[in-house]
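In the working numbering, each residue carries its 1-based index in the sequence shown increased by 139. To start, the structure under review is shown below, and the notes come after it.
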Amino acid sequence: MLAGLRSFVREQGEGEPVVCIHGVPTSSFLYRKVLDQLARRALRGVAFDLPGLGLADRPVDFDYTWTALGRFCREAVDALQLDDFHLVVHDVGGPVGFELAAAARDRIRSLTILNTIVDVEHFERPWVMEPFVVRGVRRAWLGSMTRPSFLGLMYALGVKDRTASPPAELMAYIDLLKRGDGGEAFLKIMRGFERTRAKRRADAGLGEKEADLVYVGVTVWKPYSSELELTPPPTAAAGTRRRHAPAASPTVPIPEAREARRGIRPTSTASLASCIARGVGSRRRC
């Protein structure tokens, strides 16, 4: 049980904990290879399923906004008794994880950002995701996501090297997405995107309120797609831009990213883990 809900926790390795927050339409399954690589680097990789996704509970009356999911993450790390930890965020796990970082900033050792959403106010969903929020269309669009169609979509838009992600692995994502409720909780998550100025300012406040804020690793993943590029929030003065925008902070690239797109090959997973490990090794608090 995490935060009063049944969830699923993947954990591997010994050492400083590295908490990995997933996005959509994924779950902790996304990090299965990353955790192994972190363990090989004497780190303790931790990933849990957010409510409504993976093997976690899917309460009908749950608040599936980014803010509420962030509260779940705060309660989850408490339940896991993680005092200090490194934080890794990906996809919409960014705005979710920023809630955790804001609530527990004294416990965050480093923040690694993987191709997430920073300027939430101006974020536009990729075309393939937009139908999930359109009334009268969303359930039909979700219903069209069968295992074969989802596999074809991933190979067409998400995975360049098919040998890196076998069909069984990719189809596991859609199976987990629809588990139990047919994907109804996922649809609520998609409608819960807080694309507001208030949310953007709250995220930017991580830099405004802490003089010692340092983004030790900003890794741009999936470079072939522009929908989730790191976009620095606009600031009033250029001199404050670095503190507001993770995208303006030092970048640690993944050499194999050009070949990997969304798929994670063993070599690129190793590079990703090395990037995180370098951030951990810096021991700078953010």
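Virtual Cβ for every residue (Gly too), placed ideally from N, Cα, C.
**Prompt:** Under three-state DSSP, which class holds I256?
**Reply:** Here residue 256 is taken as the residue at index 117 of the sequence shown, counted from 1. Of the three classes helix, strand and coil, the one that applies to I256 here is coil, per DSSP.
**Message:** Output needed for D426: all residues of its chain with C-beta closer than 8 Å, excluding positions within five of it in sequence on either side, in chain order.
**Reply:** Given a span of 140 to 425 for the chain in the structure shown, any question on residue 426 remains unanswerable.
**Asked** Taking DSSP as the reference, what is the three-state secondary structure of L250?
**Response** In the sequence shown, residue 250 corresponds to position 111, counting from 1. Strand.
**Item:** Bridge partner(s) assigned by DSSP for G322
**Value:** For the purposes of this step, residue 322 is taken as residue 183 along the sequence shown, with counting starting at 1. Paired residue(s): none; G322 is not in a bridge.
**Request:** Reducing DSSP to helix, strand and coil, say where P156 ends up.
**Result:** Here residue 156 is taken as the residue at index 17 of the sequence shown, counted from 1. Reduced to three states, the DSSP call for P156 is strand.
**Request:** Let me know the secondary structure DSSP gives H261 once reduced to three states.
**Result:** Working through the sequence shown from its first residue, we reach residue 261 at position 122. Reduced to three states, the DSSP call for H261 is helix.
**Prompt:** With distances taken from CA atoms, which of R171, G143 and S146 is nearest G152?
**Reply:** In the sequence shown, the residue the question calls residue 152 occupies position 13. Checked all of R171, G143 and S146; the closest Cα to G152 is R171.
**Asked** Hey, would you say V158 sits closer than 8 Å to F224, going by beta carbons?
**Response** Counting from 1 along the sequence shown, the entry for residue 158 is found at position 19. Counting from 1 along the sequence shown, the entry for residue 224 is found at position 85. Yes. Within cutoff.
**E238 - containing alpha helix (DSSP H), residue span** = One-based indexing of the sequence shown puts residue 238 at position 99. Run containing E238: G232 to A242, per the alpha helix (DSSP H) assignment.
**Prompt:** Going by DSSP, which residues form a beta bridge with F224?
**Reply:** Working through the sequence shown from its first residue, we reach residue 224 at position 85. Looking at the DSSP assignment, F224 forms a beta bridge with I247.
**Asked** Exposed or buried, which one is H229 when buried takes at least 16 other CB atoms within 10 Å?
**Response** Counted from its first residue, the sequence shown places residue 229 at position 90. A residue is called buried when at least 16 other Cβ atoms come within 10 angstroms of its Cβ; H229 meets this threshold and is buried.
**Message:** DSSP three-state label for A303, please.
**Reply:** Position 164 of the sequence shown, counted from the first residue, corresponds to residue 303. It is coil, neither helix nor strand.
**Message:** Here's the rule I'm using: 16 or more other beta-carbon atoms within 10 Å means buried, otherwise exposed. How should P287 be labelled?
**Reply:** If you number the sequence shown from 1, residue 287 lands on position 148. Burial call: exposed.
**Asked** In three-state DSSP terms, what is L194?
**Response** Start at 1 with the first residue of the sequence shown, and residue 194 comes out as number 55. It is coil, neither helix nor strand.
**Item:** Minimum Cβ-Cβ distance from G282 to chain D less than 8 Å
**Value:** Note that chain D does not occur in the displayed structure, where there is just one protein chain.
**Prompt:** Hey, P164 and Y312 are a contact pair by Cβ (cut 8 Å); roughly how many whole angstroms apart?
**Reply:** The sequence position of residue 164 within the sequence shown is 25, counting from 1. The sequence position of residue 312 within the sequence shown is 173, counting from 1. With 8 Å as the limit, P164 and Y312 qualify as a contact, their Cβ atoms being about 6 Å apart.
**Item:** N- and C-terminal bounds of the beta strand (DSSP E) containing G184
**Value:** As a first step, residue 184 must be located in the sequence shown, where it is residue number 45. Residues L182 to F187.
**Request:** Tell me whether R286 sits in a helix, a strand or coil according to DSSP, three-state version.
**Result:** Taking the first residue of the sequence shown as 1, we reach residue 286 at position 147. R286 falls in the helix class under three-state DSSP.
**Request:** Would you kindly check if the distance between the Cβ of T255 and the Cβ of G233 is under 8 Å?
**Result:** Residue mapping note: residue 233 aligns to position 94 of the sequence shown, counting from 1. Residue mapping note: residue 255 aligns to position 116 of the sequence shown, counting from 1. Yes, Cβ-Cβ distance for G233 and T255 is below 8 Å.
**Asked** So what's E214 in DSSP terms, helix, strand or just coil?
**Response** Against the sequence shown, residue 214 aligns to sequence position 75. In the structure shown, E214 sits in a helix (DSSP, three-state: H, G or I).
**Given 8 Å, three or more beta-carbon pairs between the stretch 277 to 292 and the stretch 304 to 321** = yes
**Message:** Using 8 Å for Cβ pairs, my map puts G193 next to S167. What's the rounded Cβ distance?
**Reply:** For the purposes of this step, residue 193 is identified with residue 54 of the sequence shown, where counting begins at 1. For the purposes of this step, residue 167 is identified with residue 28 of the sequence shown, where counting begins at 1. Indeed, because the Cβ distance is near 6 Å, the residues count as touching under 8 Å.
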